[in-house]
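Asks:
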Amino acid sequence: MAEHDWSWTVRTSFPSRLGAHDDCMREVMANLEQLGWTGRDLFAVQMALAESLTNAIRHGNRNDESKLVQVECRASPERFWMRVEDEGVGFRPEKVPDCTTDENLQRCGGRGLTLIKAYMTTVQYNDRGNCVTMERIRTAEPAP
Amino acid sequence: MAKTRRIKVNESGPISVVTFNDSKIIDEAEIQELGQELYDLVERDGRKKIVLNFANVEFLSSAALGKLIGFDKRVKQHSAELVLSNIRPEIYEVFAITKLTKLFDIKDDEADALAVL
Numbered sequence: 001m002a003e004h005d006w007s008w009t010v011r012t013s014f015p016s017r018l019g020a021h022d023d024c025m026r027e028v029m030a031n032l033e034q035l036g037w038t039g040r041d042l043f044a045v046q047m048a049l050a051e052s053l054t055n056a057i058r059h060g061n062r063n064d065e066s067k068l069v070q071v072e073c074r075a076s077p078e079r080f081w082m083r084v085e086d087e088g089v090g091f092r093p094e095k096v097p098d099c100t101t102d103e104n105l106q107r108c109g110g111r112g113l114t115l116i117k118a119y120m121t122t123v124q125y126n127d128r129g130n131c132v133t134m135e136r137i138r139t140a141e142p143a144p
Numbered sequence: 001m002a003k004t005r006r007i008k009v010n011e012s013g014p015i016s017v018v019t020f021n022d023s024k025i026i027d028e029a030e031i032q033e034l035g036q037e038l039y040d041l042v043e044r045d046g047r048k049k050i051v052l053n054f055a056n057v058e059f060l061s062s063a064a065l066g067k068l069i070g071f072d073k074r075v076k077q078h079s080a081e082l083v084l085s086n087i088r089p090e091i092y093e094v095f096a097i098t099k100l101t102k103l104f105d106i107k108d109d110e111a112d113a114l115a116v117l
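Top to bottom, those sequences are chains A and B.
Position one of the first sequence corresponds to residue 1 (this note's numbering), numbered consecutively onward.
Position one of the second sequence corresponds to residue 1 (this note's numbering), numbered consecutively onward.
(1) Is the beta carbon of W8(A) closer than 9 angstroms to that of S76(A)?
(2) Hey, out of Q34(A), V10(A), A50(A), whose CA is closest to E28(B)'s CA?
(3) Does the Cβ of K67(B) have 16 or more other Cβ atoms within 10 Å, making it buried, or fewer, making it exposed?
(4) Kindly indicate which residue of F95(B), H78(B), A111(B), K24(B) has the alpha-carbon position closest to the one of F104(B).
(5) Inspect the beta-carbon positions of V10(A) and E27(A) and report whether they are closer than 9 angstroms.
(6) Would a check of beta-carbon distances place F59(B) closer than 9 angstroms to chain A?
(7) Consult DSSP for N55(A) and reduce its assignment to one of helix, strand or coil.
(8) Going by C-alpha distance, which of F14(A), A48(A), E78(A) is nearest S66(A)?
(9) List the residues of chain A that T4(B) touches, going by C-beta distances under 9 angstroms, in chain order.
(10) Suppose you measure from the CA of A111(B) to the CA of E85(A); what does that come to, to the nearest Å?
(11) Could you give the DSSP three-state label for K24(B): helix, strand or coil?
In structure tokens:
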């Protein structure tokens, strides 16, 4: 992660139970709004947060409440950075079927990674595939 | 019709116009409820013409998209018709990114949706 003057950081964890990530999401979104994030930029972060945290709970840790999801976020008026790590065996992102093909269009799942990639400036996975790091550089002008 | 928590249904002649009670469709338990309430429209209540009006929706997760796809399957299985309307630009972008604009019939507003049903 390049040097940057972060206005706000948090490091937290929660058990792998759907809904356990709600407080984390609310805190991140509230802090971004305080930093002046609005519109599509704010929407983009909310989408990436929602999808990556539920992926970690559901797919990474298989809804095992004894396993934790570790989250670290950093934010400034210009950038948002996040790392999400689960305790699972990991996965290969390139092996996930493309949800946008005609044959996969009617599948009820499998869209989270596509949405994360579309909304974040950078997305990287560790070799094991149990940790994702992403960043969004804000497109709208920060308030003076 | 049974009381619903996640949707509101208004009848416009033979057409059921559905609006969403939640502006952010993101909670997993609520999404499960939403899915069942939508499925009941065709499977239990036998509705044949449905408009989903997204005017109130500010955010939805991929899990919500999954329920919409499941609903669309049931609509087709029951030979019913479904049109989506009033999708704000940031939500439309979610449909576009996931290419679901190819799956759903989407109209700008409710009047346009009613006109094609």
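Just so you know, even glycine gets a beta-carbon here, dropped at the ideal spot from N, CA and C.
Replies: Here's the rundown:
(1) By one-based count along the first sequence, residue 76(A) stands at place 76. By one-based count along the first sequence, residue 8(A) stands at place 8. Going by C-beta atoms, S76(A) is nearer than 9 angstroms to W8(A).
(2) Reading the second sequence from its first residue, position 28 is the one you call residue 28(B). Nearest of Q34(A), V10(A), A50(A) to E28(B), Cα basis: A50(A).
(3) Here residue 67(B) refers to the residue found at position 67 when the second sequence is read from its first residue. Buried, by the Cβ-count rule.
(4) Numbered from its first residue, the second sequence carries residue 104(B) at position 104. Answer by Cα proximity: F95(B).
(5) The residue labelled residue 10(A) in the question sits at position 10 within the first sequence. The residue labelled residue 27(A) in the question sits at position 27 within the first sequence. In contact: V10(A) and E27(A) (Cβ atoms closer than 9 angstroms).
(6) In the second sequence, counting from the first residue as 1, residue 59(B) sits at position 59. With 9 angstroms as the cut-off, F59(B) counts as an interface residue toward chain A.
(7) By one-based count along the first sequence, residue 55(A) stands at place 55. DSSP places N55(A) in helix when its eight states are reduced to three.
(8) For the purposes of this step, residue 66(A) is taken as residue 66 along the first sequence, with counting starting at 1. For the residues F14(A), A48(A), E78(A), the minimum Cα distance to S66(A) belongs to F14(A).
(9) The residue labelled residue 4(B) in the question sits at position 4 within the second sequence. Going along chain A, no residue has its Cβ under 9 angstroms from T4(B), so there is no contact; the nearest lies around 21 angstroms.
(10) For this step, residue 111(B) is matched to residue 111 along the second sequence. For this step, residue 85(A) is matched to residue 85 along the first sequence. Pairing A111(B) with E85(A), the inter-Cα distance amounts to about 46 angstroms.
(11) For the purposes of this step, residue 24(B) is taken as residue 24 along the second sequence, with counting starting at 1. Strand, per DSSP.
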